[in-house]
Amino acid sequence: MKFKKKGFDYSLLETTFTVPEDTNFVNWKEVFANENPLVIEIGCGNGHFLTQQALKNPSQNFIGIDLKDYRIVKSRMKENLLNLTNVRWICGEAGASIERMFADKSVEKIYMTFPDPWPKKRHWKHRLFQAHFIPLIAKKLTDNGKFIFISDHEDYYNWCIELIEAQKELAIVSHDYDITMTDSAFGKIWQAEQRSFHSFTLEKVAKE
Ligand SMILES: C[S@@+](CC[C@H](N)C(=O)[O-])C[C@H]1O[C@@H](n2cnc3c(N)ncnc32)[C@H](O)[C@@H]1O
30 MKFKKKGFDY SLLETTFTVP EDTNFVNWKE VFANENPLVI EIGCGNGHFL
80 TQQALKNPSQ NFIGIDLKDY RIVKSRMKEN LLNLTNVRWI CGEAGASIER
130 MFADKSVEKI YMTFPDPWPK KRHWKHRLFQ AHFIPLIAKK LTDNGKFIFI
180 SDHEDYYNWC IELIEAQKEL AIVSHDYDIT MTDSAFGKIW QAEQRSFHSF
230 TLEKVAKE
């Protein structure tokens, strides 16, 4: 049996989305009962950043994705404390979730905040941002959609830049970041340690 953390209400997972075996796009308009823009956070951790975004932006719909069930439980506890109605959670692998659960050109913004850096070369294969990830993002973003990345890890940032330079679907439009991204749990820790942050925003390259 899987170890369960004390004080966590695991029943909250019963009303959390999981990843289907095959493509099965969720009708998010029906789920949220409106047509507001969809914003995803990949690897949302304990939901610090996403719940604050949801609170500040009631006319947008937010979806947090994380592999770890106890982190999704923590996120849901925050959602309940704040009485949020514009946020949902997927407990599962981010790439599979995005591929199978979101229609093409349906996502306005995707955030990747402080992903695990996997510093050792033999572990780079575990990094979330990979070459095959770029066409997936390009496919799911709306025409004016954005993918926003932030990390304290310069090597991971440089790895992403190399992958971006090797393709033609998405282009870097900015290296600035929204300071609220450091509201995430890891952002706060790294900020307290006075680490510097590395960020980029990608947009789709218009096809002629
Ligand atoms: C370093 S934490 C950052 C959490 C949060 N974004 C923050 O800034 O506080 C990375 C998170 O990504 C999640 N994660 C790692 N690989 C993932 C994957 N393939 N799909 C979904 N979540 C993933 C981990 O479970 C973890 O919660």
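Add 29 to a position in the sequence shown, counting from 1, and you land on the number used in the numbering used here.
The beta-carbon is built from N, C-alpha and C at its ideal position, and this holds for glycine as well.
All figures in this text were calculated on a predicted structure; none of them were measured in a lab.
Start and end of the beta strand (DSSP E) containing residue 189?
Premise fails: residue 189 lies in the alpha helix (DSSP H), 183-194, not in any beta strand (DSSP E).
Tell me whether residue 79 sits in a helix, a strand or coil according to DSSP, three-state version.
helix
Can you list, in chain order, the residues of its chain with a C-beta nearer than 8 Å to that of residue 196? Leave out the 5 residues immediately preceding and following it.
Excluding sequence neighbours, residue 196 sits near 160, 163, 164.
Confirm the yes/no value for this check: CB of residue 166, any heavy atom of ligand 1, distance under 8 Å.
no
Going by CA-CA distance only, name the one from 220, 156, 171, 52 that's closest to residue 234.
Ranking the options by Cα distance to residue 234, first place goes to 171.
Would you check whether ligand 1 has a heavy atom nearer than 8 Å to the C-beta of residue 187?
no
Residue from 62, 65, 100 with nearest C-alpha to residue 74:
When each option's Cα is compared against that of residue 74, the closest is 100.
So what does DSSP say about residue 86, is it helix, strand or coil?
coil
Could you compute how far the alpha carbon of residue 227 sits from the alpha carbon of residue 186?
6 Å
Among 77, 144, 64, 108, which one has its Cα closest to the Cα of residue 137?
Checked all of 77, 144, 64, 108; the closest Cα to residue 137 is 64.
Rounded to whole angstroms, what is the Cα-Cα separation between residue 76 and residue 207?
17 Å
Round the Cβ separation of residue 116 and residue 83 to the nearest angstrom and send it over; I've been treating them as touching at under 8 Å.
With a Cβ gap of about 4 Å, residue 116 and residue 83 count as contacting.
Please tell me whether, using a cut-off of 8 Å, the distance from the CB of residue 77 to the nearest non-hydrogen atom of ligand 1 is below it.
For residue 77, the shortest separation between its Cβ and any heavy atom of ligand 1 lies below 8 Å.
Inspect the CB distances between the stretch 205-220 and the stretch 135-155 and report whether three or more fall short of 8 Å.
yes
Taking 8 Å as the cut-off, does the CB of residue 94 come closer than this to any heavy atom belonging to ligand 1?
yes
Residue 180 in three-state terms, based on DSSP
Residue 180 carries a strand assignment under DSSP once its states are collapsed to helix, strand and coil.
Between which two residues does the alpha helix (DSSP H) harbouring residue 200 extend?
Note, residue 200: premise wrong, no alpha helix (DSSP H); beta strand (DSSP E) at 199-203.
Applying the 10 Å Cβ sphere with the 16-neighbour rule, what's the burial state of residue 173?
exposed
If I follow the unbroken beta strand (DSSP E) through residue 68, where does it start and stop?
67-71 is the span of the beta strand (DSSP E), which, as asked, contains residue 68.
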